[in-house]
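Participant: Protein sequences appear in the order of chains S and X.
Position in the first sequence (from 1) plus 186 gives the number in the working numbering.
Position in the second sequence (from 1) plus 186 gives the number in the working numbering.
Before I ask anything, here is the structure I am working with.
2 protein chains.
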Amino acid sequence: MAYITSVESVFEIIAEPNRRAILALLVTSQQSVGQIERRLRISQPTVSKHLRVLREAGFVEPTVDAQRRLYRLKPEPLQEIDAWLEPFRRFWSAHVDALERHLDRMAQANPPAKKKPKAAKTRRVPNRARPKGEAR
Amino acid sequence: MAYITSVESVFEIIAEPNRRAILALLVTSQQSVGQIERRLRISQPTVSKHLRVLREAGFVEPTVDAQRRLYRLKPEPLQEIDAWLEPFRRFWSAHVDALERHLDRMAQANPPAKKKPKAAKTRRVPNRARPKGEAR
DNA sequence: CACGTATATACCATGTGGCGTATATCACGA
DNA sequence: TCGTGATATACGCCACATGGTATATACGTG
C-alpha cells in the first residue's frame, strides 16, 4: 500500500523513453493498445503499464471501443512543461540579444574582411561581470 | 564499471526535482556551490553530484574562481526540450482552433443570452470521428 | 457456452539513482 | 607550512521504477 507515488511530476513521466515514444505516436492520431504495441515493438503489458502512468498523469485519455481502448492525447500536462520552460526562454533570448549586440559592435569596429564559417554549432556568450564576494 | 550511463537524455536530467531547482536558481544569475547549497537547503555533496550531472549534460558550465566554482546556465539542452515540444504545440493549437470554431458556430446558432463564466480551467475539445476497424 | 482477441494486472527479479557519511583535493592566508 | 574553507568524489544503503512471465477480465463470435 502507501501509494503516495501517484503524485509524479510531469517531468518524471516524460523521462521514460517508451512513454515519450507513445506520446509522439499519439500526436498524430489516437491509437489502440495493440497498434502502439506493434509500432513501437514493445510488449503488451509494458505498453499497458506505461499507458496507465500516462493516463493517471493526464497525458492521455482512453475511449472504450468494445475490447479496444483508443488512447488519445490530452494537452494540459505538456502545456505545463511548456510553461516551465518560459523563464529559460527569456534567459536564452536575452543571451542571443547580447550576442547580437556584441557582434554588431565587432562588425562596426573592424569591418568583416573574410567570412570564416567555423563551428557554428555551440555558440558562446561573452562573460558577465563576476562578483568577488560570496554575499551570503 | 560499464559507465554507459553518461549518455542520459535531457529528460532524465530534468526529472530530478533538485536539479530543476538548481536550474531555476541559475536562470537568474550564476551561483557558487555554496550559495546553491544554502538557498536550496540541500547537502553540499548532493549539490556537487547534481551539478556534475548537469555539467556533463551541458546544462551548466563552471567558472573557476579560486576555490569557488561559479556555475552558470547554458541554453542548448533546454532548447532541445523546447524543440521536442514543437509537434505537441501544433497539436494543441489545432485543438484550440477546433474549439474556437465550435464555439463560433454555437454562438451563431443561438446568440449568447447570459455570460456564464464557469470553470475556465480544464477545457474539453469535441470528440473526433472514431474509426471502427483496427487497420493493421 | 466455449473460444479467441484485446487489455489490464499481479508478482518477481533486476538495475539504477539519490542521499548520507567520510574523505580527498585544492587554494588561500597567517 | 599548517590550518581552514570550498568543492569533488568514494562507498554503502535503500527505495523504486521497469520489464518479463503468467494470469485475470471483458467483449465479441460461432
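Cβ coordinates follow ideal geometry from the N, Cα and C atoms, glycine included.
On a predicted model such as this, the values are computed, not experimentally measured, just so you know.
The stretch 194-206 of chain X: which residues have C-beta closer than 9 Å to a C-beta of chain S, in chain order?
Facilitator: Those would be S195, F197, E198, I199, I200, A201, E202, P203, R206, in chain order.
Participant: Could you give the residue range of the beta strand (DSSP E) that holds V250 (chain S)?
Facilitator: It spans 246-251 - the beta strand (DSSP E) in which V250 (chain S) sits, taken as one unbroken run.
Participant: Does the separation of the CB atoms of V239 (chain X) and Y257 (chain X) fall below 7 Å?
Facilitator: It is not a contact, given that the beta carbons lie outside the stated cut-off.
Participant: Could you check which residue in X:L211, X:E198, X:F197 has the C-alpha nearest to that of P273 (chain S)?
Facilitator: If we check each option's Cα against that of P273 (chain S), X:L211 comes out closest.
Participant: Could you give the DSSP three-state label for S218 (chain X): helix, strand or coil?
Facilitator: Of the three classes helix, strand and coil, the one that applies to S218 (chain X) here is strand, per DSSP.
Participant: Identify whether R287 (chain S) lies in helix, strand or coil by the three-state DSSP scheme.
Facilitator: Helix at R287 (chain S).
Participant: Mind checking if L226 (chain S) is an interface residue toward chain X, Cβ cutoff 7 Å exclusive?
Facilitator: No - not a single Cβ of chain X is within 7 Å of the one on L226 (chain S).
Participant: What are the boundary residues of the alpha helix (DSSP H) that includes R206 (chain X)?
Facilitator: It spans 203-212 - the alpha helix (DSSP H) in which R206 (chain X) sits, taken as one unbroken run.
Participant: What is the DSSP secondary structure of R275 (chain X), counted as helix, strand or coil?
Facilitator: Three-state DSSP puts R275 (chain X) in a helix.
Participant: If R254 (chain X) sits next to S229 (chain X), beta carbons under 8 Å apart, how far is it from one beta carbon to the other, in whole angstroms?
Facilitator: Wrong, their Cβ atoms sit about 18 Å apart, outside the cutoff.
Participant: Look up R258 (chain S) in the DSSP assignment and give the residues it is bridged to.
Facilitator: In DSSP, R258 (chain S) forms a bridge with S:E247.
Participant: With burial defined as no fewer than 16 other Cβ atoms inside 10 Å of the residue's Cβ, what is the status of R205 (chain X): buried or exposed?
Facilitator: Its Cβ being crowded by 16 or more others within 10 Å, R205 (chain X) is buried.
Participant: When you check each C-beta in the stretch 251-272 of chain X against every C-beta of chain S, which residues fall closer than 9 Å?
Facilitator: Against chain S - using a Cβ distance shorter than 9 Å - the residues of the stretch 251-272 of chain X are D251, R254, L256, R258, L259, K260, P261, E262, L264, Q265, I267, D268, W270, L271.
Participant: Can you pull the chain X neighbours of V239 (chain S), defined as C-beta to C-beta under 8 Å?
Facilitator: Here the premise fails: no neighbours, minimum Cβ distance about 13 Å.
Participant: Hey, is F245 (chain X)'s beta-carbon within less than 7 Å of any beta-carbon in chain S?
Facilitator: Taking Cβ atoms only, chain S never reaches closer than 7 Å to F245 (chain X), which makes this a no.
Participant: For E194 (chain S), does the three-state DSSP call read helix, strand or coil?
Facilitator: Of the three classes helix, strand and coil, the one that applies to E194 (chain S) here is coil, per DSSP.
Participant: Exposed or buried, which one is L237 (chain S) when buried takes at least 16 other CB atoms within 10 Å?
Facilitator: It is buried - the Cβ of L237 (chain S) has at least 16 other Cβ atoms within 10 Å.
Participant: State the Cα-Cα distance for the pair L285 (chain X) and S215 (chain S), rounded to the nearest angstrom.
Facilitator: Near 17 Å, if we compare the C-alpha coordinates of S215 (chain S) and L285 (chain X).
Participant: Quick one: residues in its chain with C-beta nearer than 7 Å to the C-beta of E194 (chain S), no 5 flanking neighbours on either side, listed in chain order?
Facilitator: Taken in chain order, the residues that qualify are A243.
Participant: Please list, in chain order, the residues of the stretch 276-288 of chain S that have any C-beta partner in chain X closer than 7 Å.
Facilitator: Listed by position, the residues of the stretch 276-288 of chain S near chain X (Cβ gap below 7 Å) are F277, W278, H281.
Participant: Buried or exposed for E320 (chain S), please, with buried defined as at least 16 other CB atoms from any protein chain shown within 10 angstroms of its CB.
Facilitator: Bear in mind that the predicted position of E320 (chain S) carries a pLDDT of just 47, short of 50, making it unreliable; the figure below should be weighed with that in mind. Exposed, by the Cβ-count rule.
Participant: Mind pulling the chain X residues with CB within less than 7 Å of V213 (chain S)?
Facilitator: Per Cβ cutoff of 7 Å: P273, F274, F277.
Participant: Considering S234 (chain X), what are the terminal residues of the alpha helix (DSSP H) in which it resides?
Facilitator: Counting along the chain, the alpha helix (DSSP H) containing S234 (chain X) begins and ends at 230-242.
Participant: Contact defined as beta carbons within less than 8 Å: I believe R241 (chain X) pairs with P231 (chain X). What is the distance between those atoms, to the nearest angstrom?
Facilitator: That belief does not hold up - the Cβ atoms of R241 (chain X) and P231 (chain X) are roughly 15 Å apart, past 8 Å.
Participant: In whole angstroms, give me the CA-to-CA distance for S279 (chain S) and D268 (chain X).
Facilitator: When rounded, the distance between both Cα atoms is 13 Å.
Participant: Does the distance from the CB of E266 (chain X) to the CB of V196 (chain X) come in under 7 Å?
Facilitator: Yes.
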